[in-house]
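Asker: Starting off with a structure, shown below.
Residue numbers (the numbering used here): 1 to 194.
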């Protein structure tokens with residue numbers, strides 16, 4: 001079920017015209033940066049979008065303009081975990097990995113407990129805050145860390161929001177979802193349930 005849904009969403013994203021993607025990305029960024037959660041956050045971790053994803057570049061640039069610290073995930077494939085690392089440039093601080101991802105070149109990991117907001121990627125979300133990721137579990141493991149107490153924000157096109165996505169016990173829902181159409185907030189689930 002998850003595999004077929006991932007393929008369907010990927011096809012939809014790959015067929016979306018670039019101009020439409022750019023316009024919808026800008027609308028979603030405006031919705032996100034207009035939230036109280038964004039206003040309160042001083043340290044934000046943002047995934048660095050792929051060409052077929054909603055563009056997060058505007059979030060990074062706006063956060064710097066708003067004097068926020070911006071982190072991006074650096075992946076340890078061997079340890080199967082993400083390390084939040086501060087970036088100050090979208091060019092000199094980043095490298096493209098063999099997997100086609102952009103990530104910080106270097107820098108010490110920032111303690112998870114300091115992160116106020118994590119912008120979470122997803123292929124699809126549902127109206128309860130459940131998320132369908134790419135299937136490797138990096139964000140689910142990261143968000144399950146007991147020291148993380150920040151806001152988890154899904155960021156996607158409204159076209160990626162479904163009535164329901166398959167969710168398993170280890171899948172971590174988001175506390176809010178921002179799209180090009182609206183902002184949705186969900187009840188936080190207790191840490192003990194993790």
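C-beta atoms are modelled at their ideal positions from N, C-alpha and C, and glycine is treated no differently.
Quick caveat, the model's predicted, so the values are computed rather than measured.
Does the beta-carbon of residue 179 have 16 or more other beta-carbons within 10 angstroms, so that it is buried, or is it exposed?
Answerer: When all chains shown are included, residue 179 counts as buried.
Asker: Which of helix, strand or coil does DSSP assign to residue 124?
Answerer: Strand, per DSSP.
Asker: Let's see if you can read the secondary structure: which residues bound the alpha helix (DSSP H) around residue 71?
Answerer: Looking at the DSSP string, residue 71 is not in any alpha helix (DSSP H); the run it does join, the beta strand (DSSP E), is 69-76.
Asker: Leaving out five residues before and five after residue 145 in sequence, what residues of the same chain have Cβ atoms less than 7 Å from its Cβ?
Answerer: Hits under 7 Å: 112.
Asker: For a test of your reading of the model: does the CB of residue 34 fall under 7 Å from any non-hydrogen atom of the ligand ATP? Yes or no.
Answerer: The ligand ATP is absent from the structure shown, which contains no ligands of any kind.
Asker: Span of the beta strand (DSSP E) holding residue 157?
Answerer: Looking at the DSSP string, residue 157 is not in any beta strand (DSSP E), and its letter there is neither H nor E.
Asker: For residue 34, does the count of other Cβ atoms within 10 angstroms reach 16, so buried, or fall short, so exposed?
Answerer: The residue in question, residue 34, is exposed, as its Cβ has fewer than 16 Cβ neighbours within 10 Å.
Asker: Thinking C-alpha only, which one of 45, 39, 52 is nearest residue 7?
Answerer: Nearest option by C-alpha distance: 52.
Asker: Please determine if the stretch 102-112 and the stretch 17-35 are in contact, where contact requires at least 3 C-beta pairs separated by less than 8 Å.
Answerer: Result no; under three Cβ-Cβ pairs closer than 8 Å.
Asker: Which residue or residues does DSSP assign as beta-bridge partners of residue 173?
Answerer: For residue 173, which the question treats as bridged, DSSP gives no partner whatsoever.
Asker: Under a three-way DSSP split, which group does residue 112 fall into?
Answerer: In this structure, residue 112 counts as helix in the three-state DSSP scheme.
Asker: How many angstroms separate the CA atom of residue 193 from the CA atom of residue 163?
Answerer: Residue confidence for residue 193 is low, a pLDDT of 37 falling below 50, so the modelled location carries little weight and cannot support an answer.
Asker: From residue 70 to residue 11, what distance separates their C-alpha atoms?
Answerer: Cα to Cα, the separation comes out at about 31 Å.
Asker: Measuring alpha carbon to alpha carbon, tell me which residue in 13, 66, 85, 75 is nearest residue 137.
Answerer: It is 75.
Asker: Is the beta carbon of residue 116 sitting closer than 8 Å to the one on residue 18?
Answerer: For residue 116 and residue 18, no; Cβs fall outside 8 Å.
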